[in-house]
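In numbering that gives the first Met the number 0, the protein residues as written are 0 to 252. Note that the Cβ used here is the ideal one computed from N, Cα and C, for glycine as well. These notes concern the structure reproduced below.
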Amino acid sequence: MKKFLFLILSLVLVFTISAPTFATENYITSGNYAPIEFLPPTIVEYHTPDPQPSNLISIESHPRNDGTGIDVTVGNLGVDGLDSVSVSVSATDHNIAQTKTAYVPPILGKTFGFNIPMTKCSMTYYIHVIVTDGGQTQQFTRIAGLEYSEERLALMDWGKGRYYSSRQDSLNHHFDKHHNDIGVMTSNIVQYLGMAIDTFNDTLYNIDNYKVATQVEQPGFEPAHKYTHKTNYRFIIYGDGTDTIYTFGGKKP
């Protein structure tokens with residue numbers, strides 16, 4: 000009986016070793032890839048040479064690194080409120096300024112929020128503040144920014160490809176082309192890039208949720224595959240050997 004069991008176990012072991020492994024088209028399970036960490040854009044500080052407000056009034060700009068817009072805070076340490084403060088903001092890709100006007104209470108001050116999405120890798124916000132109080136008017140300007148530098152995009156493996164002059168140029172183009180796709184639908188480049196990285200990472204662990212297609216080989220191009228999610232329509236193309244992301248999108252409306 001023991002010899003019989005030994006024979007059966009030996010046959011199972013031989014079959015296990017010699018049997019081919021039937022894997023999906025995806026080859027990334029070989030362990031050549033690591034998850035990519037998402038990074039927010041950098042807030043850019045600009046020097047403002049124009050006259051500063053009095054010691055009792057302060058103006059601070061806070062670009063939102065989630066890409067949704069900018070907040071401008073007008074502080075007021077005086078004992079009385081400021082009769083009227085008007086804040087106007089225009090930005091890269093958004094030439095028509097948004098304006099908000101309000102009374103600014105003492106001590107608490109007031110924050111003016113502007114939903115002006117980050118739509119380019121280098122985003123500059125131009126701020127104009129008019130303070131009217133006690134019959135006197137003061138005007139001030141500020142400049143603030145958000146940026147995805149070449150170095151920061153490289154850390155997230157976004158590639159420039161062969162058609163673009165830089166990683167920034169590539170990301171700007173693909174965001175413009177795909178941000179309204181079904182499955183993507185975002186108004187800012189931060190969320191778009193975050194979705195791309197989430198999709199890349201998802202292909203590492205849930206490949207069965209994707210259709211995988213080999214990209215047609217072209218001279219000078221890195222071999223790559225396209226991964227299309229079977230239910231949410233998102234797709235991503237990245238290199239076979241470098242995990243460089245070349246594009247991300249969804250289904251055209």
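Query	Result
Buried versus exposed, by CB contacts within 10 Å (16 or more), Ala90	buried
Buried or exposed (CB count within 10 angstroms, at least 16 for buried), Thr202	buried
Classification of Tyr245 by the beta-carbon crowding that lies within 10 angstroms, buried from 16 upward	buried
Where the alpha helix (DSSP H) containing Asn259 begins and where it ends	An answer regarding residue 259 cannot be provided, because it is not within the stretch 0 to 252 covered by the chain.
For Ser121, the three-state DSSP class (helix, strand or coil)	strand
Beta-bridge pairing of Pro62 - partner residues as DSSP gives them	Ile69
Residue environment, Leu170, which counts as buried when at least 16 other CB atoms sit within 10 Å	buried
Straight-line gap, Glu44 to Ile142 (C-alpha atoms, nearest Å)	8 angstroms
Continuous beta strand (DSSP E) stretch holding Ser169: start and end	Run containing Ser169: none in the beta strand (DSSP E); it sits in the alpha helix (DSSP H), Arg166 to His177.
Classification of Tyr226 by the beta-carbon crowding that lies within 10 angstroms, buried from 16 upward	buried
Under 7 angstroms between C-beta atoms of Val73 and Val84	yes
Any non-hydrogen atom of the ligand FMN within 6 angstroms of Asp79 CB	Ligands in the displayed structure: none, and consequently the ligand FMN is not present.
Buried or exposed by the 16-neighbour rule on C-beta atoms within 10 Å, applied to Thr118	buried
First and last residue of the uninterrupted alpha helix (DSSP H) at Glu44	Looking at the DSSP string, Glu44 is not in any alpha helix (DSSP H); the run it does join, the beta strand (DSSP E), is Thr41 to Glu44.
Extent of the continuous alpha helix (DSSP H) run through Leu154	Glu149 to Leu154
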